[in-house]
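Student: Numbers -33 to -1, 1 to 473, taken from mature numbering (1 follows the signal peptide of the UniProt record, and there is no 0), label the letters of the sequence shown in order.
Every residue, glycine too, gets a C-beta built ideally from N, C-alpha and C.
Structure below; questions to follow.
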Amino acid sequence: MATPLSLRTVTRAAALATVVALGTGALALPAVAADAAPPVPLKNGTLDWGIKESFRSYLAKPFAKGRTTVDGGARQAPDHGIFTFVDGSGTYDTGSHATANSFKGGVRFEAHDGALDIRISDVRLSTKGAAAPTGEITADVVAKEKDGTFTTRDDIPFAALDMTGVRPGGGTGGAMVFTGIPAKLTKEGAAAFAGFYKEGEVLDPATLTVTPGGTGPTTPTTPTTPTKPPTQQPTPTPGTGTTPPAKPDPKPTATSTPTKPAVTPTTAPDPAGVRSGRLSWGVKESWRKYVTTTCGGTVTPSGGATSNGSAYAFAFGRATLDSTARTADAAFGGSLRFACAGHGIDWTVGDVKVKANGTKGTLVADVTTAKGTRNDVAFAELDLSRADWRAKNGVVTLAALPAKLTKDGAATFAGPNGEAFYTAGTAIDPVTVSLATAKGAGLPTTTGGGSAGGGTGGTGGTVGGSAALAATGADAPTGPLLAAAGLAAAAGAGVVIAVRRRAAGS
């Protein structure tokens, strides 16, 4: 697997390249630098990060009397969405492949008539590159303590990042985009969060966008309130904060007692929401067999995905569910990398989402190939005509949903010259989605299943009808067998920046 946040030299000759192209994008970065070469400046950076979705949702509840405001140039997406920290600058070390980035902007969370007050600013993201597949987000945090005093914590490691499987994709203007970086709360972050969450709690994934060039990092803007509590109410950015209607708090809340927020959530704040979940899916049985058996390659889950019998389990990210209306919108973390160097295969799927409405649904995913990443591909159509939306033991399980490749999904399997491996309408492995709405509800154990049609996979999988497929299985993709040499040659044509995941992740 490629080193996270690094350039992957495919061949010795490719090490001489100085500019790389990813797909049709303009992603450019010096391919290889001599020892002790100066760091490459990074400019025009943004960090898209929601910190923690359940916390944002909690503040939007009427009983919380909460509000979320941004300042210093930071933005928040509508409907209590994620935050974008802006004007990022930093460096990329061509020797170690490590990065260091700083951003402008801050966000302030308030609730319970001022008993809860947390401000996060001076956000920075760094990675270790070749030294380790890890990174961290640091920040300055000003938080109101239980005794009513404010504590300032500067440059604390707020979130630990897992860079395993995270690779740069191409963005506009030659930008590098690292999508869906998994993040977990650190010990210091938990303390700064006023005890709402514990160390190791999964945070929202982060997306880093940077562009090579510029003049290097700038000095971060000094936080507006680094040592003292805010003296004025910030002006909410339109469409970001929430000012709930004044009505009695359904829970006893003595606003004059600063310790009351301690009873607020340590798990999921919304008692009526989806508390946990899992997506089980094997992608396509014949594809797995081709990569692992015929080709002798590997399928590697990462970023929260795990092997689960003949399928893979993708970790819960977020979800909304209305069983009565038969609608669901769920996102799951993790990715699967299908790799076979001998046949030039390097194909990754991740950041899987399921959108269901009535009897129809769509599986959406990010897909990575040697040509780059395609984000939020409408990968497969789902048939929910026989789905059971009734909760059992606090869990709604949409089991073994039949799935077929869309045109866009099939296109992700195409060879370097556009030759098709599969066609639209090809049956792939069924998808099972489990969503728990009751506290403590256990998710059912699923082991997945093969594609419709038995051990050789779904219908319509064989492309071209080549007799040579007799030794590899009727549904083994023709493209990899015919184009392996071409892919291997293409892989050596230059330095390839493999793309993530991504996360995992919309």
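1) Check whether the Cβ atoms of Leu365 and Ala347 sit closer than 7 Å, and answer yes or no.
2) Measuring straight from C-alpha to C-alpha, what distance separates Arg91 and Gly328?
3) Residue range of the alpha helix (DSSP H) that Arg245 falls in?
4) Tell me whether Thr116 is buried or exposed, calling it buried when 16 or more other Cβ atoms sit within 10 Å of its Cβ.
5) In this structure, how does DSSP classify Val133 when only helix, strand and coil are distinguished?
6) Tell me the start and end of each unbroken beta strand (DSSP E) in the region 348 to 411 that is at least 3 residues and wholly inside, in chain order.
7) Only counting the same chain, and skipping five residues up and downstream in sequence, which positions put a Cβ closer than 7 Å to that of Ala443?
8) Quick check on the burial criterion: 16 or more other C-beta atoms within 10 angstroms. Buried or exposed for Glu112?
9) Taking only the alpha-carbon atoms, compute the straight-line gap between Ala391 and Gly263 and give it to the nearest angstrom.
10) Could you tell me if Gly407 is buried or exposed, where buried requires 16 or more neighbouring beta carbons within 10 angstroms of its beta carbon?
11) Return the chain-ordered ranges of every beta strand (DSSP E) run that is complete within the region 37 to 110 and spans a minimum of 3 residues.
12) Helix, strand or coil for Ala158 per DSSP?
13) Between which two residues does the alpha helix (DSSP H) harbouring Lys256 extend?
14) Report the CB separation of Val241 from Leu170 in whole angstroms; it is logged as a contact under 8 Å.
15) Let me know if Lys154 comes out buried or exposed under the rule of 16 or more other beta-carbons within 10 Å of its beta-carbon.
16) Assuming Ser290 is part of the beta strand (DSSP E), what are its boundary residues?
17) Return the CA-CA distance between Ala337 and Asn360, expressed in angstroms with no decimal places.
18) Out of Asp107, Thr178, Phe76 and Arg134, which has the shortest C-alpha to C-alpha gap to Phe163?
19) Whose CA, out of Phe30, Pro149, His79 and Leu14, lies closest to the CA of Ser269?
20) Secondary structure at Ser21, three-state DSSP: helix, strand or coil?
21) Assuming Cys307 is part of the beta strand (DSSP E), what are its boundary residues?
22) Spell out the partners DSSP gives Leu26 in its beta bridges.
23) Closest to Asp396 by C-alpha separation, out of Leu368, Arg304 and Thr379, would be which residue?
24) Using C-beta distances below 6 Å, list every residue in its chain close to Arg469, excluding the 5 sequence neighbours before and after it, in chain order.
25) So what's Thr116 in DSSP terms, helix, strand or just coil?
26) Taking 7 Å as the threshold (C-beta atoms), are Val266 and Phe305 in contact?
27) My understanding is that Asp343 touches Val331, with C-beta atoms under 8 Å, so please give their C-beta distance in whole angstroms.
28) With a threshold of 16 other CB atoms inside 10 Å of the CB of Ala98, please say whether the residue is buried or exposed.
29) Rounded to the nearest angstrom, what separates Gly309 and Gly73 at their Cα positions?
30) With three or more beta-carbon pairs closer than 8 Å as the criterion, would you say the region 269 to 285 touches the region 127 to 139?
31) Could you tell me whether any non-hydrogen atom of the ligand SAM is closer than 6 Å to the CB of Leu368?
32) If contacts are defined as beta-carbon pairs under 8 Å, then Ala377 and Tyr389 qualify, I think. What distance do you get, rounded to the angstrom?
33) In the structure shown, what three-state DSSP assignment does Thr(-31) receive?
34) For Ala358, which of Val144, Ala405, Ala370 and Gly325 has the nearest alpha-carbon?
35) Where Val363 and Thr393 are concerned, what is the direct C-alpha to C-alpha distance, given to the nearest angstrom?
36) Per the DSSP calculation, Pro6 is bridged to which residue(s)?
Tutor: With the structure as the only source:
1) Not closer than 7 Å, so no.
2) Each residue's alpha carbon lies about 38 Å from the other.
3) No alpha helix (DSSP H) holds Arg245; the beta strand (DSSP E) holding it covers Ser243 to Trp248.
4) So Thr116 counts as exposed.
5) In the structure shown, Val133 sits in coil (DSSP, three-state: anything other than H, G, I, E or B).
6) Secondary structure within the region 348 to 411: the beta strand (DSSP E) runs of 3 or more consecutive residues, fully enclosed, are 362 to 372 and 394 to 403 (chain order).
7) Reliability of the predicted coordinates at Ala443 is poor, the pLDDT of 46 falling under 50, and no value is obtained from them.
8) Classification for Glu112: exposed.
9) Using only the alpha carbons, I get a separation of about 27 Å.
10) Label assigned to Gly407: exposed.
11) Runs found: 50 to 59, 66 to 71, 73 to 78 and 83 to 94.
12) Residue state, collapsed to three classes: helix.
13) First-last of the alpha helix (DSSP H) with Lys256: Glu252 to Lys256.
14) Rounded, the Cβ-Cβ distance is 17 Å, inconsistent with contact.
15) By the 16-neighbour rule on beta-carbons within 10 angstroms, Lys154 is exposed.
16) Run containing Ser290: none; DSSP gives neither H nor E here.
17) Ala337 and Asn360: Cα-Cα distance of roughly 44 Å.
18) Nearest Cα to Phe163 within the set Asp107, Thr178, Phe76 and Arg134: Phe76.
19) The closest CA to that of Ser269, considering only Phe30, Pro149, His79 and Leu14, is found on Pro149.
20) In this structure, Ser21 counts as helix in the three-state DSSP scheme.
21) If you look at Cys307, you'll find it in the beta strand (DSSP E) that goes Ser302 to Cys307.
22) Note: Leu26 sits in no beta bridge, so no partner.
23) Taking only the C-alpha atoms, the option nearest Asp396 is Leu368.
24) Residue placement at Arg469 cannot be trusted, given a pLDDT of 33 that sits under 50; what the coordinates show is reported in the next sentence. The answer, listed in chain order, is Thr146, Gly147, Gly317, Asp318 and Asp333.
25) DSSP, read as helix, strand or coil, puts Thr116 in coil.
26) Their beta carbons are under 7 Å apart, which means Phe305 touches Val266 by this criterion.
27) That belief holds up - the Cβ atoms of Asp343 and Val331 are roughly 5 Å apart, short of 8 Å.
28) By the 16-neighbour rule on beta-carbons within 10 angstroms, Ala98 is exposed.
29) Near 49 Å, if we compare the C-alpha coordinates of Gly73 and Gly309.
30) Judged by pairs of C-beta atoms under 8 Å, the region 269 to 285 touches the region 127 to 139, as three or more such pairs exist.
31) The ligand content of the structure shown is nil, which means the ligand SAM is not present either.
32) Indeed, because the Cβ distance is near 5 Å, the residues count as touching under 8 Å.
33) Confidence at Thr(-31) is low in this model, with a pLDDT of 37, below 50, so its placement is unreliable and no value can be given for it.
34) Looking at the Cα atoms, Ala405 is the closest of the given residues.
35) Between the alpha carbons of Val363 and Thr393 lies a gap of roughly 27 Å.
36) Bridge partners of Pro6: none, in fact.
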